[in-house]
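What follows is a set of notes on a single structure, which appears directly below.
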Amino acid sequence: ATTYGYMMAAYGRARQWEKIDALFCEMTDIGLKSLGSTFNVVIGAYGKGGLWTKMEEALDSMVAAGCTPDTFTFNTMIDAYGKGSQFRSMERTFERMRSAGCPGDILTYSSLIHAYRKAGQFEKMEKILDQMQIAGCKPDVTAYSLLIDVYGKRGMLKKMEATLQEMQEAGCKANIVTYTGIMDAYGKAGKYEEMERVWKIMKDLSLQPDYSAYVATISAYGRCGMYDKMETRFHELEEAAKEMRFGGPKLGTAAYNVIIDAYGKGKLIDQMESAFEVMQTTGYRPDVITYSALINAYGKAELLEKMDSTYVMMRVKGVSPNEHTYSALIDGYGKLGMVEKAEAVLDEMLKAGIKMNVVAYTSIINAYGSAKRFQDMAERFGALKGTGTEPSCETIGVLLTALCSCRLHEEVLALLNCIRSCKGFGV
RNA sequence: UAUCAUUUGAGAUAAAU
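Each number in my numbering corresponds to the 1-based position in the first sequence with 365 added.
And the structure:
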C-alpha cells in the first residue's frame, strides 16, 4: 500500500488524475487494503488539482473502507479548498472536522488564516485567531510569519512590529521568510530606511537573504524610481547567487522581471530594453511575466508596433499569455483609441479558455470611455455585468470619470444607471 | 540495526481608475 502511495503521489504531482484512479482500482483488484495515508495522498492530489467532487468522493470511500479521517486528512482538504478559493466548502470541512471530534492543530489554523488573507476577509481571520487561542494552539514560526505578512500588507505596521516582538518573547526565532514579509511591508509603505534596517539586522544574524528577500527590496527601490539603489542591490544578488544552493533559472528570471518592470513603469524604455537584452544574453529565459511587463510598458507608452511585436515574439517562443498579458494588451489598445482591437483581444482571451476577470472588464469599459463612446460604454458594462463578474472600486472610478466628461442627458442617465446597479451605490 | 525516502500550513516580480 505504501508503494501505491508513492506512485499516486507522483502522478498527482504530474497532474495525471486517471492514473491515480487506475492505481486505486488495481489495489482493490489485487485485494490490497488501502491505508489511511493512501486516502490522504489521493485527497491531497485531487485537492491540488481542484477536482472537488473527486476529493469528496475519496473522503467517502475512505470512510466506507473503515478508515477514520483524521486531522491530517481534514487539514489537507481545508488547505486545498482555501487555495482554490472555495471558502464555503472550506468552512464546511472545518465544521465537519470539529463535529467529528477532530482537534484542529497549528496547520489547520494556518491554512484557514492563509485562506482568509487570500479572500481579504480580515475579520474572519481574527476570529480564527481567537479560536486558535481558545484551543490552546500556539503559533509557530510559520504562523507568526503569516500573521506578520497579513498585518504588513494591510499597512498595520505597528501591529506587525508588535507581533514580531510577541514572537520573539515567545521564544520563536524569526527566519528569512519572517524578515522578507517585514521588508516587503516597509518597502510597500515607502519606509526604505526601516527596510534597510531590517536587512542589516538579518545580515548581522548571519541569515543569508535568498532570492525572495533580494527581489522584495529590489522591487521596492524600483517602484519609487530609486534606480541606483535598485541596480546596486541587483548586483549584490548576482554576486550572492554564485554561493546560493537554490538559485535556479526561474529565480534569475524573476529578478530580471523586477528590473524590466521598474524601468517600464518609469517610462525608461531604453533601460528596459537593455535589461531585457542582458537577461537573454546571460541565459535567463523570459517568461510570461517578462512579456506581460514589456507589453504593459509599450502599451502605456503608446508604442503600438513594439507592443504588437512583443506579443508575436512571445507566441513564437511558445510562452502562453495569461490574464495579465491580455489585460495589458486590452488596456494598451484602449489607450491608443483602438476599441475594436481591444474587443478582439478580449474575445481571444475567452477563446483561450481564460475566465473573464474584473481587470480586463474594467479596461474594456475604460477604452470606450477614452473614446467618448458613452452609450457603448454603458451597454458594454451591462453585458459584462451579466457574465457574473463583479465590478470593483476601479470600475466605478472609470464610470465616474466618464460621467464627468459626459455632455448628453441620455448618456449621463445611462452611466448613472450603471453606477447605481453596483453594490453600495444604489442611492 | 541505524539513516534517508510517499500525503497537509508562511514571504518576493507582471494587468484596470
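C-beta: ideal position from N, C-alpha, C; glycine also.
Mind checking residue i: buried by the 16 CB within 10 Å criterion, or exposed?
| i | result |
| --- | --- |
| D444 | buried |
| P468 | exposed |
| S692 | buried |
| M794 | Examination of residue 794 is not possible in this model, given that the chain is present from 366 through 792 alone. |
| E776 | buried |
| G552 | buried |
| A379 | exposed |
| G753 | exposed |
| L397 | exposed |
| S510 | buried |
| V681 | exposed |
| S657 | buried |
| A539 | buried |
Would you report the Cα separation of residue i and residue j, rounded to the nearest angstrom?
| i | j | result |
| --- | --- | --- |
| F739 | E708 | 16 Å |
| E559 | L400 | 51 Å |
| R745 | I729 | 8 Å |
| D741 | G762 | 17 Å |
| A640 | M497 | 47 Å |
| S735 | L694 | 15 Å |
| V331 | M595 | Only positions 366 to 792 of the chain appear in the structure, and residue 331 is not among them; the question remains open. |
| M609 | T766 | 49 Å |
| K568 | P574 | 8 Å |
| K483 | I654 | 21 Å |
| Y516 | M490 | 11 Å |
| A725 | L711 | 7 Å |
| E534 | K565 | 21 Å |
| V684 | K671 | 17 Å |
| M637 | I624 | 7 Å |
| T458 | M721 | 29 Å |
Would residue i and residue j be called neighbours here (beta carbons separated by less than 8 Å)?
| i | j | result |
| --- | --- | --- |
| L477 | G447 | yes |
| A527 | D549 | no |
| S475 | A423 | no |
| M455 | G412 | no |
| P651 | T618 | yes |
| G699 | A743 | no |
| F599 | A620 | yes |
| I547 | M525 | yes |
May I ask you to report which of helix, strand or coil DSSP gives residue i?
| i | result |
| --- | --- |
| L778 | helix |
| R482 | helix |
| L529 | helix |
| F790 | coil |
| L773 | coil |
| Q636 | helix |
| K556 | coil |
| R598 | helix |
| A707 | helix |
How close, in whole Å, do the beta carbons of residue i and residue j come, if the pair is a contact with beta carbons under 8 Å?
| i | j | result |
| --- | --- | --- |
| G587 | D626 | 7 Å |
| A585 | Y557 | 7 Å |
| Y371 | L388 | In fact, because the Cβ distance is near 10 Å, the residues do not count as touching under 8 Å. |
| D394 | T436 | Not really, about 31 Å apart at Cβ, beyond 8 Å. |
| Y795 | I493 | Any property of residue 795 remains undetermined from this structure, which presents the chain solely from 366 to 792. |
| A666 | K632 | 6 Å |
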